[in-house]
Structures are given as structure tokens and as C-alpha cells.
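Novice: Residue 45 in our numbering sits at position 4 of the sequence shown, with consecutive numbering throughout. Glycine is no exception: its CB is placed at the ideal position from the N, C-alpha and C atoms. These numbers come from a predicted model, not from an experiment. Could you have a look at this structure, given as C-alpha cells, before my questions?
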Amino acid sequence: FFETRKGCCGTGVVETGILCNPKSIGTCSNASEYVFWDSVHPTQAANQKLADALLLQGISLIG
Numbered sequence: 042f043f044e045t046r047k048g049c050c051g052t053g054v055v056e057t058g059i060l061c062n063p064k065s066i067g068t069c070s071n072a073s074e075y076v077f078w079d080s081v082h083p084t085q086a087a088n089q090k091l092a093d094a095l096l097l098q099g100i101s102l103i104g
């Protein structure tokens with residue numbers, strides 16, 4: 042990932058939910074380079090990496 046500390050949408054530190062969408066002003070052009078879509082929700086790319094890790098390493102990854 043290119044950016045791990047702030048979200049793709051807006052300032053990346055305060056916006057959430059309906060304030061962030063692909064047409065929002067300040068939305069990055071490549072969300073797959075970000076861990077977070079907004080200030081709290083992971084991007085599809087981050088969710089995919091987590092899901093892949095869970096499928097490969099199982100529940101032991103969590104606990």
C-alpha cells in the first residue's frame with residue numbers, strides 16, 4: 042500500500058459514510074493504494090488482503 046495512515050476520501054482523517062463516495066471532492070484516483078477508504082473503513086484492496094490471509098492461515102491468525 043502507498044498510504045496506510047489516512048483514507049482515500051477527503052482529508053482521510055474525519056470523513057466517513059455518506060460523506061465519502063467515488064465522486065466526492067478530494068477522493069484519490071486509485072483507492073487500491075490505500076488501506077482505508079475513509080477515516081475508519083478499509084478499502085476493497087485491504088479487505089481482500091485480510092480475507093486472503095484468513096483463508097490461508099485460518100483462525101489462528103486472529104487468536
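1. In this structure, how does DSSP classify E56 when only helix, strand and coil are distinguished?
2. Any idea if G99 is buried or exposed, counting beta-carbon neighbours within 10 angstroms, 16 or more meaning buried?
3. According to DSSP, P83 sits in a beta bridge with which residue or residues?
4. Just to confirm before moving on: does the CB-CB distance between D79 and G48 stay below 9 Å?
5. Round the Cβ separation of G51 and S65 to the nearest angstrom and send it over; I've been treating them as touching at under 8 Å.
Specialist: To lay it out plainly:
1. By one-based count along the sequence shown, residue 56 stands at place 15. Correct three-state label for E56: coil.
2. Within the sequence shown, residue 99 is the residue found at index 58, counting from 1. With fewer than 16 other Cβ atoms within 10 Å, it is exposed.
3. Position 42 of the sequence shown, counting from 1, holds the residue named residue 83. F77.
4. Translated into positions along the sequence shown, residue 79 becomes position 38. Translated into positions along the sequence shown, residue 48 becomes position 7. Yes, the pair counts as a contact, with Cβ atoms nearer than the cut-off.
5. In the sequence shown, counting from the first residue as 1, residue 51 sits at position 10. In the sequence shown, counting from the first residue as 1, residue 65 sits at position 24. Confirmed, Cβ separation roughly 6 Å.
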